[in-house]
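Trainee: Take a look at the following structure, please.
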Amino acid sequence: MQAVAFINEKSVLLTDNVNKFLMHKISYKVLSNLVWDVLQDWQSLDVIDEKVSGEKEHIFWFLIFELHYWEENTLIKDAELRKNLYACALYLEREQDLPKFCVGLRPNRYVSEESITNMEKDIVTSD
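Following the numbering used here from start to finish, the sequence shown increments by one per residue and tops out at 127.
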């Protein structure tokens, strides 16, 4: 339930900022900082379950990934990308008209040295 509440709370902030960015009312830096804040807040929840809770969460993480992945110039000038970002934001606001191109996954949890198993150490260190 903790993850669902997080997604619901952050979706409001995310959609507001995405819409403002798409209308050129906030800068890329503001949007980028928001994405980093969301990721940092997610890590602080220490959610272990990697399974998303539903369509809304899929769309949420897809939107976060897209905003983090694409460079500022692409986010500003690519009309198809902007259309997709708007469709995702609209879905998060209304939970209607599910975009078919969006499949988001929860980000990996930060793994501390203490929590890495021997098998994971072997995988990470093997060449």
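Ideal Cβ placement from N, Cα and C applies to all residues, glycine included. Fair warning: this is a prediction, and the values are worked out from it, not measured in the lab.
Use the C-beta contact count for L34: other C-beta atoms within 10 angstroms, 16 or more gives buried, fewer gives exposed.
Mentor: Under a 10 Å Cβ-count criterion, L34 is classified as buried, with 16 or more other Cβ atoms of the shown protein chains found around its own Cβ.
Trainee: Taking V18 as the reference, which of Q40, F101, N8 and S32 has the closest Cα?
Mentor: Residue S32 is the option with its Cα nearest to V18.
Trainee: Using CA atoms only, rank isn't needed, just tell me which of V38, Y28 and V4 is closest to T74.
Mentor: Y28
Trainee: Using 10 angstroms around the beta-carbon of A89, count the other beta-carbons present and answer buried if the total reaches 16, otherwise exposed.
Mentor: buried
Trainee: How would you label V4, buried or exposed, when you count the other beta carbons within 10 angstroms and need 16 or more for buried?
Mentor: exposed
Trainee: Under a three-way DSSP split, which group does S53 fall into?
Mentor: coil
Trainee: For a test of the three-state rule: what should DSSP assign to V38, helix, strand or coil?
Mentor: helix
Trainee: Tell me the DSSP secondary structure of I7 in three-state form.
Mentor: helix
Trainee: Report the CB separation of L39 from P107 in whole angstroms; it is logged as a contact under 8 Å.
Mentor: 6 Å
Trainee: So, does the CB of K10 fall closer than 7 Å to a CB anywhere in chain D?
Mentor: The structure shown contains no chain D; it holds only a single protein chain.
Trainee: Could you compute how far the alpha carbon of E50 sits from the alpha carbon of D37?
Mentor: 20 Å
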